[in-house]
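I have placed the structure first, in the form of C-alpha cells, so that the comments after it can refer back to it.
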Amino acid sequence: MLEIKENISLKDYTTFHIGGPARYFVVANDLEELQEALASAKKNKLEFFILGGGSNILVSDQGFAGVVIKLNNSYVKIKNNTAEIGAGTALSKAIGETLGAGLLGLEWAAGIPGTVGGAVHNNAGAYGGEMSQSVKEVGVIRSEKIKRLKNKDCCFGYRTSFLKEASSSGKKNLDIIFLVILELKKAAAEAIEQAKATIRENIKKRDSKFNGFSAGSAFKNIELSESKIKEFKNKFSELSDQFVEYKKIPSAWLIDQCDLKGKTIGGAKVSEEHAGIIINTGQASAEDVIMLISFIKQQVRDKFGIQLQEEIEYIGF
Ligand SMILES: Cc1cc2nc3c(=O)[nH]c(=O)nc-3n(C[C@H](O)[C@H](O)[C@H](O)COP(=O)(O)OP(=O)(O)OC[C@H]3O[C@@H](n4cnc5c(N)ncnc54)[C@H](O)[C@@H]3O)c2cc1C
2 MLEIKENISL KDYTTFHIGG PARYFVVAND LEELQEALAS AKKNKLEFFI LGGGSNILVS
62 DQGFAGVVIK LNNSYVKIKN NTAEIGAGTA LSKAIGETLG AGLLGLEWAA GIPGTVGGAV
122 HNNAGAYGGE MSQSVKEVGV IRSEKIKRLK NKDCCFGYRT SFLKEASSSG KKNLDIIFLV
182 ILELKKAAAE AIEQAKATIR ENIKKRDSKF NGFSAGSAFK NIELSESKIK EFKNKFSELS
242 DQFVEYKKIP SAWLIDQCDL KGKTIGGAKV SEEHAGIIIN TGQASAEDVI MLISFIKQQV
302 RDKFGIQLQE EIEYIGF
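Residue 318 is where the sequence shown ends in the working numbering, and the numbering goes up by one at each step.
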C-alpha cells in the first residue's frame, strides 16, 4: 500500500536546501506505485510534480500545493552495449554500473547529482558530453502504459528536451519518464581505466567549483550565430577567442564582468568561485534567490544587452 505523507518539507529533497512543504508526498518505487500515486492525484484533482534528485529546482517558500512524487525506481539492466535504466536511478549508480560492465558513454556525467530521469528531462551535459548522445529510447507513461519514444522524438537541445520545454511553458501534469534505454560503447579494460582517471580529475574540478548548497549553474550559456558572436567580440574584446570559436558566451563570464561574484541578497549569494552559481549560505529563502536572479539579469542586460535565461526550474511559484 502506497504511503501518502502530508506537509513534507521539500528543503531536504533539494540540493539548494530551500523550499516550503509538499501538500502530499509519495515515494514510488515501481510502476504500480507510480500509477497508484497518479490515480490518487487525478481522483483528488491535484497537480503532481515528479521529483528526481531535486538538483535543478528552486521550490517556492510556500511549497507545492499538489502531490510530489519522488520516483525511486532504481535499477540498471545491461545487455551487450545497451543499458535499460530506471528513471529514478542516481546518475552515479548508472555511471558505476555501466563502466563496471565495460561500457563507455556516461563518463562526462560523473559528479552531476540527480537521477537519470532528471538528466534526460534536462538533457544534462558537461565536458562536451550530454545525455542525448547516448539515449536510444525513453519510456514514458501514456494511458497507464509505457510508451517508448525514439531519441529523435525527444527534441533534445541545449539543456532541454520536449519534456522540459513543456514544463517551462507552464503545462501541468506532463509526461513522466519511467525508464531510459542507453546505447553505449564497448571498451577495452585500458580505456575503462583511462575513463576512471578522467572521472577522478573531473570530480576534483567540480569539488572546487560547486562549493555549497546550489542547484548547479543558475543560468544557461548564451548560444549565438557566428556573425552575432563576432559582433559581440567587436564590442567587448575581453571575450576570449575560445568562446568565439564555440559560438557560446558563458553566463558565468557575463556575470563576472558585472563584478557580481560574492553579491549577496539575504542568504543567497553569487559564488566567489564561479559566477554562474548561486549558493544558499544557510538560511536563504526562495525569495532571496529570486531577487538575486532578477538583480543579476538586470545588471547583465544593462551592460551587455543580453537577457539571461534560467537553467534552474521554478516549482510552486
Ligand atoms: C553541484 C551541482 C552540479 C551540477 N552540474 C551540472 C552539470 O555539469 N551539467 C548539467 O547539465 N547539470 C548540472 N547540474 C544540474 C542537475 O544536477 C541536472 O540538471 C540533473 O540532471 C537534474 O536531475 P534531477 O534528478 O536532480 O532532477 P530534478 O531537479 O529533481 O528535476 C528537474 C526537472 O526534471 C523533471 N524530472 C525529473 N525526473 C523526471 C522523470 N522521471 N520524468 C519526468 N520529469 C522528470 C522534474 O519534474 C523537473 O522538472 C548540477 C547540479 C548541482 C547541484
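All C-beta atoms, glycine included, are put in the ideal place defined by N, C-alpha and C.
Roughly how many whole angstroms lie between the Cα atoms of residue i and residue j?
i	j	result
residue 162	residue 126	12 angstroms
residue 11	residue 236	44 angstroms
residue 24	residue 217	26 angstroms
residue 189	residue 80	17 angstroms
residue 335	residue 175	Residue 335 is absent from the structure shown; the chain starts at 2 and stops at 318.
residue 98	residue 72	20 angstroms
residue 75	residue 182	14 angstroms
residue 1	residue 3	A query on residue 1 cannot be resolved here, the shown segment of the chain reaching from 2 to 318 and no further.
residue 299	residue 194	46 angstroms
residue 37	residue 198	43 angstroms
residue 259	residue 18	27 angstroms
residue 238	residue 152	39 angstroms
residue 264	residue 14	26 angstroms
Could you tell me how far apart the beta carbons of residue i and residue j are, in whole angstroms, since I believe they sit closer than 8 angstroms?
i	j	result
residue 121	residue 90	So it is not a contact: roughly 11 angstroms between Cβ atoms.
residue 86	residue 180	7 angstroms
residue 39	residue 50	Not a contact, Cβ separation roughly 12 angstroms.
residue 276	residue 261	6 angstroms
residue 156	residue 166	7 angstroms
Near residue i, what residues of its chain come up, given a Cβ to Cβ distance below 7 angstroms and the 5 sequence neighbours on each side ignored?
i	result
residue 200	108 and 111
residue 95	77, 86, 107 and 117
Indicate whether residue i and residue j have their beta-carbon atoms separated by less than 8 angstroms.
i	j	result
residue 256	residue 301	yes
residue 287	residue 28	no
residue 219	residue 294	yes
residue 178	residue 136	no
residue 308	residue 221	no
residue 16	residue 55	yes
residue 53	residue 115	yes
residue 185	residue 104	yes
residue 314	residue 57	yes
residue 123	residue 158	no
residue 22	residue 45	no
residue 160	residue 312	yes
residue 47	residue 70	no
Is the shortest distance between the beta-carbon of residue i and the beta-carbons of chain D less than 8 angstroms?
i	result
residue 306	Reference to chain D is not applicable here, since this structure consists of a single protein chain.
Select from the options the residue whose C-alpha is nearest the C-alpha of residue i.
i	options	result
residue 266	281, 128 and 277	281
residue 32	148, 246, 276 and 225	148
residue 268	283, 13 and 274	283
Which same chain residues end up closer than 6 angstroms to residue i when comparing Cβ atoms and leaving out the 5 residues on each side of it in sequence?
i	result
residue 272	278 and 280
residue 234	240 and 245
Go through its chain and collect everything with a Cβ distance to residue i's Cβ below 8 angstroms, but skip five positions before and after it.
i	result
residue 204	111 and 112
Is residue i near ligand 2 - that is, is its Cβ less than 7 angstroms away from at least one heavy atom of it?
i	result
residue 38	In terms of ligand content, the structure shown lacks ligand 2 and carries ligand 1 instead.
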